[in-house]
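Below is one structure, written out as structure tokens; comments come after it.
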Amino acid sequence: MQLSKPPLFSFDECLWFLDRRYDECMYQVNKAEVVKAIFIDRTPFLFSVRQNNEELLIKVLVGKPDRKQMAAIADYVADWFDINTNLQPFYSLLSKNKKLAYMATEFKGLRLIGIPDLFEALCWSIIGQQINLTFAYKLKRRMVEAFGERIEYGGHIYFLFPECERLAALTVPELRAMQFSDKKAEYVITIARAFAQKQLSKELIQSLPDLKSKQEALIQFKGIGIWTANYALMKSLRQPASVPHGDVGLLNALSNHGIKKDRSETVKIERLFKQFKGWESYLVFYLWRSLAVREINH
DNA sequence: AACCAGGCTGCGC
DNA sequence: GCGCAGCATGGT
196 MQLSKPPLFS FDECLWFLDR RYDECMYQVN KAEVVKAIFI DRTPFLFSVR QNNEELLIKV
256 LVGKPDRKQM AAIADYVADW FDINTNLQPF YSLLSKNKKL AYMATEFKGL RLIGIPDLFE
316 ALCWSIIGQQ INLTFAYKLK RRMVEAFGER IEYGGHIYFL FPECERLAAL TVPELRAMQF
376 SDKKAEYVIT IARAFAQKQL SKELIQSLPD LKSKQEALIQ FKGIGIWTAN YALMKSLRQP
436 ASVPHGDVGL LNALSNHGIK KDRSETVKIE RLFKQFKGWE SYLVFYLWRS LAVREINH
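Just so we're on the same page, my numbering is the position in the first sequence counted from 1, plus 195.
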């Protein structure tokens, strides 16, 4: 299966981001490919993505997808790498900002890497609340390895994100044993139950008319604040105007670029995001990417 | 060893 | 509606 690469798409930039520095358990990046396991209608598949000159090549490694399932895998990849967005307007906006213009060349072709599964996106953002990312990835790995299904292939074990029914059946002490705090454990279980009972789903949030109603629908649930809602809407529903305001990484990146000096300069931040109307989430993503560069250059 | 980390809830005004 | 303390749990 192939997907043709659009203009301003760099698979290498995307792979670099996927592999940037953390102990990610939801996929494996090798030299020129990424390998990942997902469910399509409850059936697990393992696939790899690599590229040639013109195309992204998807190869199914485990599982025998029919035509429909193969199309669903391709859709997943297209969504994951956001290949159907034309980045030109974003780059035009970047070029008008002296402090950020370099990003259009430095990160050229980088796509906003998504988390297509809303349940996964919400669990991940809850796990990541107010703890450093190193620890957050550790917590996620423990949970996924304990409760997610696995596929063995070529000497590796690939994990699927646990299904909501599985996490809905957990008790707080089970997650506490993995060093979740009481609150985090409660939140994850609550969200899992909401998904298991169909009170919450990607389709449901998608069906709401505008960003505000989507945010409000998510914030109802305990453990989902405005930061978490915006993060999930940005990574899973690809709402371009969704910005996780107050995000520590975002603030650090803004300060690195001399756009703000202390945490209270909300006016300058608002002004910046106004310049990027329709591309706010891409701006956040590129600012996050700039942090990774700094830490690796050290 | 102190301060920080991709925040949230609950309370007081 | 807004600001702020308190919170939980490791990383550096």
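Positions of the beta carbon are idealized from the N, C-alpha and C atoms, including for glycine.
Given residue i as reference, the closest of the options once Cα atoms are compared
i, options, result
"Gly441", "Ser431, Thr461, Met429, Leu428", "Thr461"
"Gly349", "Val257, Glu208, Leu486", "Val257"
"Leu362", "Tyr426, Asn327, Phe314, Ile454", "Phe314"
"Arg237", "Glu360, Pro201, Glu250, Leu317", "Glu360"
"Met221", "Ser205, Leu282, Met338", "Met338"
"Val255", "Val244, Glu208, Asn425", "Val244"
"Phe471", "Tyr217, Lys259, Asn292, Gly418", "Asn292"
"His351", "Glu208, Arg484, Val224", "Val224"
"Arg484", "Asn248, Trp275, Tyr271, Ile308", "Ile308"
"Lys226", "Glu208, Pro239, Phe240", "Glu208"
"Arg265", "Gln197, Ile310, Ser287", "According to the sequence as given, residue 265 is Met; it is not Arg. Met265 has its Cα closest to that of Gln197, out of Gln197, Ile310, Ser287."
"Cys318", "Gly418, Ala372, Ala412, Glu347", "Gly418"
"Val438", "Ile421, Leu370, Arg216, Met373", "Ile421"
"Met373", "Arg336, Glu347, Glu358", "Arg336"
Helix, strand or coil at residue i according to DSSP, with G and I counted as helix
i, result
"Gln392", "coil"
"Tyr297", "coil"
"Tyr222", "coil"
"Val229", "strand"
"Val257", "strand"
"Val244", "strand"
"Ile310", "coil"
"Gln374", "coil"
"Leu486", "helix"
"Leu288", "helix"
"Ile419", "coil"
"Gln197", "strand"
"Arg216", "coil"
"Glu460", "coil"
"Leu413", "helix"
"Glu250", "strand"
"Asn451", "helix"
"Lys472", "coil"
"Lys303", "coil"
"Asp274", "helix"
"Ser205", "coil"
"Glu465", "helix"
"Pro368", "helix"
"Phe480", "helix"
"Ala267", "helix"
"Ile491", "Summary for Ile491: the model assigns pLDDT 44, below 50, so the residue's position carries little reliability; its value from the coordinates is reported in the next sentence. Looking at Ile491 - three-state DSSP - the assignment turns out to be helix."
"Ile326", "coil"
"Glu358", "coil"
With 16 other Cβ atoms within 10 Å as the buried cut-off, status of residue i
i, result
"Leu252", "exposed"
"Asp277", "buried"
"Phe285", "buried"
"Ser194", "Nothing about residue 194 can be read from this structure; the chain reaches only from 196 to 493."
"Phe480", "buried"
"Trp474", "buried"
"Ala389", "buried"
"Thr366", "exposed"
"Arg306", "buried"
"Gln394", "exposed"
"Gln434", "buried"
"Asp270", "exposed"
"Ile491", "Because Ile491 carries a pLDDT of 44, less than 50, the predicted location of this residue cannot be relied on, and no value is offered for it."
"Gln246", "buried"
"Leu288", "buried"
"Leu482", "buried"
"Ala364", "exposed"
"Asn281", "exposed"
Rounded distance between the beta-carbons of residue j and residue i, thought under 8 Å
i, j, result
"Gly444", "Leu486", "6 Å"
"Leu203", "Lys303", "7 Å"
"Ile268", "Phe234", "The Cβ separation is near 11 Å, so there is no contact."
"Ala316", "Ala427", "4 Å"
"Lys379", "Ile322", "7 Å"
"Gly343", "Phe354", "5 Å"
"Lys409", "Leu403", "5 Å"
"His452", "Leu334", "Not confirmed; about 30 Å, so no contact."
"Leu406", "Ala436", "6 Å"
"Ile464", "Leu432", "23 Å between Cβ atoms; not a contact."
"Phe416", "Ile386", "6 Å"
Strand pairing of residue i, partner residues [DSSP]
i, result
"Phe234", "Pro239"
"Glu347", "Ile352"
Residue i Cβ short of 7 Å to the ligand COA heavy atom set
i, result
"Gly473", "Ligands are entirely absent from the displayed structure, and the ligand COA is therefore not among its contents."
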